[in-house]
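Protein chains in written order, with UniProt numbering: chain A, 1 to 487; chain B, 1 to 487.
Glycine included, every Cβ here is placed at the ideal spot set by N, Cα and C.
Number of protein chains: 2
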Amino acid sequence: MPLPVTALIPRLREICGDDGVITDPNRRRTYESDGITYHAGTPGVVVLPTSTEQVAAVVRLCSESGVPFVPRGAGTGLSAGALPHSQGVLIVTSRMRRILEIDIANERAVVQPGVANLEVTRAAAPHGYYYAPDPSSQQVCSVGGNIAENSGGAHCLKYGFTVNHVTGLEVVTPQGETVRLGGKSADAPGYDLLGAFVGSEGTLGIATEITVRLLRAPQKVRTLLAAFESMDAGGAAVSAIISAGVLPAAVEMMDALSIEAAEAAVACDYPPGAGAVLIVELDGPAADVDAQFDHATQLCRDAGAFEIRTAADADERARIWKGRKSAFAAVGRISPAYIVQDGVVPRTALPEVLRRIAELSAESGIRVANVFHAGDGNLHPLVLFDDSAPEASEKAAEVSGKILDLCIEHGGSITGEHGVGVDKACQMPEMFSPADLETMDLFRSAFDPGGIANPEKLLPTPRLCGERPGVRKDVHPLVAEGTAEQF
Amino acid sequence: MPLPVTALIPRLREICGDDGVITDPNRRRTYESDGITYHAGTPGVVVLPTSTEQVAAVVRLCSESGVPFVPRGAGTGLSAGALPHSQGVLIVTSRMRRILEIDIANERAVVQPGVANLEVTRAAAPHGYYYAPDPSSQQVCSVGGNIAENSGGAHCLKYGFTVNHVTGLEVVTPQGETVRLGGKSADAPGYDLLGAFVGSEGTLGIATEITVRLLRAPQKVRTLLAAFESMDAGGAAVSAIISAGVLPAAVEMMDALSIEAAEAAVACDYPPGAGAVLIVELDGPAADVDAQFDHATQLCRDAGAFEIRTAADADERARIWKGRKSAFAAVGRISPAYIVQDGVVPRTALPEVLRRIAELSAESGIRVANVFHAGDGNLHPLVLFDDSAPEASEKAAEVSGKILDLCIEHGGSITGEHGVGVDKACQMPEMFSPADLETMDLFRSAFDPGGIANPEKLLPTPRLCGERPGVRKDVHPLVAEGTAEQF
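Right under this line is the structure:
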């Protein structure tokens, strides 16, 4: 039998200090959800460690007591991966935000997990370097959270995900041991547990020190915005660019509804009457960027772009990006409530899937705004609904679910960069066979035999998803029996 | 108690057919060692499956009987990773060599594990694509073996290792289950077990179907050879090139002794009197390559190159590479025996480590030829000795070991691309803490609770390395007690 979480409080105060432990119910409520609106109640207790040693001591205490823990970075996640456990310890990394080293000779930065993504680039910039992964939330999201979710961003078409930029981790395992995975070099002998840890959503432990690759800032960046009458025409431009062998840093697309939302929110002044806008950004050596930029511009024109704007300087570039970067939040201006979906399809299936999404929307009367990383087939449909209307949220959830089914049908994936968390745990059996899921569970249990590390996230459990092959046994249900809170 | 391996033969014949099972002692002897000369005796039995189903059935049979198995590709490995088990089944993939799909629209190839590395590029070339990882043995080594060892090659400075080019695997686990890791897209939800499988040296199972990324052939390739009076001067050129932000596809360096060996073997006609030659290859868009090539040439000149040759066409490029690619084999011309070492140091530590290697060589009287991937700090010292001289092999092994110690001291690694296998299992505790090794062992045991998948490889065992913290327990010692064969 696990101890009640309250029994741990005196020891937690010894480890983290009085100001490092939050027990007050109102202050604990701040941590009720992350970037997506799920509620599982308030965390049993919140701790704010400042060092690896404190994290290890807290986790060891949880392990000895059978009490679950949930790691949390900046709380910007979009899959409820940091949803707290009402009988558990929430370990928040917000006080671990030191940049420990900027090692330009080896092109690496070493940081604590609470450091905000953009701070790494700020620290490297004076040396002419930057950190490539750039989720839209990069001003606030933490590098530790990026590790947990293997975060992407607009530029992962060319530069890859977080996993491609992390070369070393210090990790506290669910049994409270501190281990090192990788280092400053590109490859290490033994199992590449580094790659498996990145994207493990807090279920294998907590990264307490992170070594990332720094890239030399590109010599030149050029950005264009092309307006098309239809999504089909925009999609044709994307295909033409990629198959011509042009590799942009980013290829982003927005449909009429998301353009409307962005205009309402930030007056981004995109070309009026556009059924689709495409943002194409190229970076690299100047000679190469110029040649490819001209090529991409011509391909947009050939695909029917009725207006093409090119950014003359950094200000104009920022203006082009403004509409895209604010799109998610902007949708709040045109709809009281919405679901942000995240799915992937092979690039070749994009036109077909977008048409099917339009049909789904027409049939159900639920509006869907499409904002997406077109270059790598990562869709972010925003499913809009009025939460005051009866059954609107259920209908929206149904449409949202059907969009994911479409992704799976077309050989894609249920998440491109937001992660599984609680949000998509029940969809894992639609993508993976029972043998696949059992293998993942074996792996997880090797790290966490007690089942205390972020339980009920990532893999399906019977309480959330029903009993079926490949579904792991419940260990620490997020909500204790009998509490009224509802997912 | 495990069954004797001979008890499995009738069932193995049912699974693989009579011609798919080798029991004849002389034929079994062919499989005694791989690319490095260790001997642990002949395999108990050899099977040559043709399909995933046959592999799975063989592994299930091993698992039920407690009999160990060893996977083997083309047998070109350099860490004794495919060393057979005298009481086990050797599973050879040489009959699984179909290219299943060349999917140009999604830039992927799907192949069976026995396909030779270079065959993938041959199949993709008519479409203007190629497969990037290029170990020196690429004409014969298998893609499955490349997966097991996470193979690199001369061009991994720019393009990364095998792990950066595999997006999906079908795998038979040590319990005989067939699971899928990843697919055609760049990212998948759940644990990235794909990354952990690549480089797992056959200890987590056998890859039976492999999906790799295809890259568009670069528009232009340019290659130069620069001759320097000393290794120090050549090393300075490498540092200058990298810190100028030039990213060559390959930067290879050879010292006087390896140049001498290459001349003796293939008459590569490198500039006479060179203390070091540097090969620099750039690829990419023509405009970019030309600009960077001129820059790299100038930097070599500034660092003191007394002769620079540039390849005018593919023939001349092949001639420049000929000396480098034949260097390992060529050393046989100037020394009766030698050890190929494989270590990594941070690029910044290269000059210091090379000086220390020269000192070690002078002190011991053992000649060391240096051939290496200079751009990423991956050393391949060839430690030469006369195996007819008393204690020469012991002295050479001592120098070879001290070179690895140097790599570790300087924050590097005991292997860059050849793997751990049997060869370096006992050195793992010098690089990893007991907690690190226990974590790896937990992971391995989650996949392979019976300890039957390539036992005694990768992680240290007491029989080979003595008892100490972090050393896993012996499960299936490669050589049964009392047999005379010696490592």
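Limits of the alpha helix (DSSP H) - the one that residue i falls within
{"i": "T297(A)", "result": "286-302"}
{"i": "I408(B)", "result": "392-409"}
{"i": "K473(A)", "result": "No alpha helix (DSSP H) holds K473(A); DSSP gives it neither H nor E."}
{"i": "I15(A)", "result": "9-16"}
{"i": "M428(B)", "result": "428-431"}
{"i": "K322(A)", "result": "314-325"}
{"i": "E352(B)", "result": "350-364"}
{"i": "D232(B)", "result": "231-243"}
{"i": "P462(A)", "result": "462-465"}
Residue i burial status per 10 Å Cβ neighbour count (16 or more: buried)
{"i": "R122(A)", "result": "exposed"}
{"i": "G168(B)", "result": "buried"}
{"i": "M231(A)", "result": "buried"}
{"i": "E481(B)", "result": "With a pLDDT of only 47 at E481(B), under the threshold of 50, the placement of this residue in the model should not be trusted; the figure read from the coordinates follows. Its Cβ having fewer than 16 others within 10 Å, E481(B) is exposed."}
{"i": "Q427(B)", "result": "buried"}
{"i": "H155(B)", "result": "buried"}
{"i": "T415(A)", "result": "buried"}
{"i": "T483(B)", "result": "Because the pLDDT at T483(B) is just 42, under 50, the model does not fix this residue reliably, and the point stays unresolved."}
{"i": "T30(A)", "result": "exposed"}
{"i": "S79(B)", "result": "buried"}
{"i": "T6(B)", "result": "exposed"}
{"i": "T37(B)", "result": "exposed"}
{"i": "S388(A)", "result": "exposed"}
{"i": "P4(A)", "result": "exposed"}
{"i": "G466(B)", "result": "exposed"}
Residues near residue i in its chain [Cβ-Cβ closer than 8 angstroms; skip 5 each side]
{"i": "V238(A)", "result": "V251, M253, L278, R347, L350, A374, G375"}
{"i": "L299(A)", "result": "A237, A240, I241, A244, V246"}
{"i": "C16(B)", "result": "V47, L48, P49, T50, Q54, V58"}
{"i": "residue 524(A)", "result": "Lying before the first or after the last residue shown, residue 524(A) is absent from chain A, which here runs from 1 to 487."}
{"i": "R60(A)", "result": "Q175, G176"}
Element boundaries [beta strand (DSSP E), containing residue i]
{"i": "A435(B)", "result": "A435(B) -> not in any beta strand (DSSP E); alpha helix (DSSP H) instead, spanning 434-447."}
{"i": "residue 493(A)", "result": "For chain A, the structure presents residues 1 to 487; residue 493(A) sits outside this window and is missing."}
{"i": "G199(B)", "result": "Segment: none, G199(B) is in no beta strand (DSSP E) and carries neither H nor E."}
{"i": "T211(A)", "result": "206-213"}
{"i": "G168(B)", "result": "166-172"}
{"i": "N26(A)", "result": "Premise fails: N26(A) lies in the alpha helix (DSSP H), 25-29, not in any beta strand (DSSP E)."}
{"i": "L225(B)", "result": "220-228"}
{"i": "A250(A)", "result": "250-255"}
{"i": "V340(B)", "result": "337-340"}
{"i": "R309(B)", "result": "307-310"}
Same chain, Cβ closer than 6 angstroms to residue i, neighbours up to 5 away in sequence not counted
{"i": "A223(A)", "result": "Checking the displayed sequence, the identity of residue 223(A) turns out to be Thr instead of Ala. E281, A311, R317, I320."}
{"i": "A226(A)", "result": "L278, C300, A305, I308"}
{"i": "G235(B)", "result": "L350, P351"}
{"i": "I339(A)", "result": "V383, A396, S400"}
{"i": "K322(A)", "result": "V266, C268"}
{"i": "G183(B)", "result": "G168"}
Other residues of its chain near residue i: CB distance less than 7 angstroms, five sequence neighbours each side excluded
{"i": "K325(A)", "result": "S136"}
{"i": "R356(B)", "result": "L406"}
{"i": "E485(B)", "result": "Below a pLDDT of 50, predicted positions are generally treated as unreliable, and E485(B), at 37, falls in that range; the measurement from the model is reported next regardless. Cβ within range, chain order: H39, A40, G41, V479."}
{"i": "G451(A)", "result": "V475, H476"}
{"i": "T297(B)", "result": "L224, I308"}
Which residues of the segment 75-86 of chain B have a Cβ closer than 8 angstroms to any Cβ of chain A? Give them in chain order. Taking a C-beta cut-off of 8 angstroms against chain A, none of the residues of the segment 75-86 of chain B qualify.
Counting only runs that start and end within the segment 87-156 of chain B, where is the beta strand (DSSP E) found for 3 or more residues in a row? Taking only runs of at least 3 residues, the beta strand (DSSP E) segments lying wholly in the segment 87-156 of chain B are 89-92, 99-103, 108-111.
Note to self: Can you pull out the residues from the segment 116-147 of chain B whose beta carbon lies closer than 8 angstroms to at least one beta carbon of chain A?
What the structure shows: For the segment 116-147 of chain B, the beta-carbon criterion of a distance under 8 angstroms to any beta-carbon of chain A is satisfied by none of its residues.
Beta carbons nearer than 8 angstroms to chain A: which residues of the segment 397-431 of chain B have them? Those would be G411, G412, S413, I414, T415, G416, E417, G419, V420, K424, M428, M431, in chain order.
*asked:* Give me the subset of the segment 159-179 of chain B whose CB atoms are less than 8 angstroms from a CB atom of chain A, sorted by chain position.
replied: Answer in chain order: G160, F161, V163, N164, T173, E177, T178, V179.
**Request:** At 3 residues or longer, and completely inside the segment 369-394 of chain B: list those beta strand (DSSP E) runs for me, N to C.
**Result:** Scanning the segment 369-394 of chain B for uninterrupted beta strand (DSSP E) segments of 3 residues or longer gives 378-385, listed from N- to C-terminal end.
Which ranges would you report for the beta strand (DSSP E) in the segment 48-83 of chain A if only whole runs of at least 3 residues count? Counting whole runs of 3 or more residues, the segment 48-83 of chain A contains the beta strand (DSSP E) stretches 69-72.
Residues from the segment 442-453 of chain A in contact with chain B, defined by Cβ distance under 8 angstroms = Within the segment 442-453 of chain A, the residues whose Cβ lies closer than 8 angstroms to some Cβ of chain B are L442, F443, R444, S445, A446, F447, listed in chain order.
Requested in this report: Taking only beta carbons into account, state which residues of the segment 37-63 of chain A come closer than 7 angstroms to chain B, listed in chain order.
Outcome: Residues of the segment 37-63 of chain A with a C-beta atom less than 7 angstroms from some C-beta of chain B do not occur.
**Message:** Under 7 angstroms, CB to CB, which of the residues in the segment 321-332 of chain B have a partner in chain A?
**Reply:** Answer set for the segment 321-332 of chain B: empty.
For the segment 184-202 of chain B, which residues have a CB atom closer than 8 angstroms to at least one CB atom of chain A, in sequence order?
The residues in question are K184, S185, A186, D187, A188, P189, G190, Y191, D192, L193, L194, G195, A196, V198, G199, S200.
| query | What residues from the segment 246-267 of chain A come within 7 angstroms of chain B, judged by C-beta to C-beta, listed N to C? | reply | Taking 7 angstroms as the Cβ-Cβ cut-off against chain B, none of the residues of the segment 246-267 of chain A qualify.
### Query
Given a limit of 9 angstroms on CB to CB distance, which residues of the segment 334-355 of chain A reach chain B?
Answer in chain order: V344, V345, P346, R347, T348.
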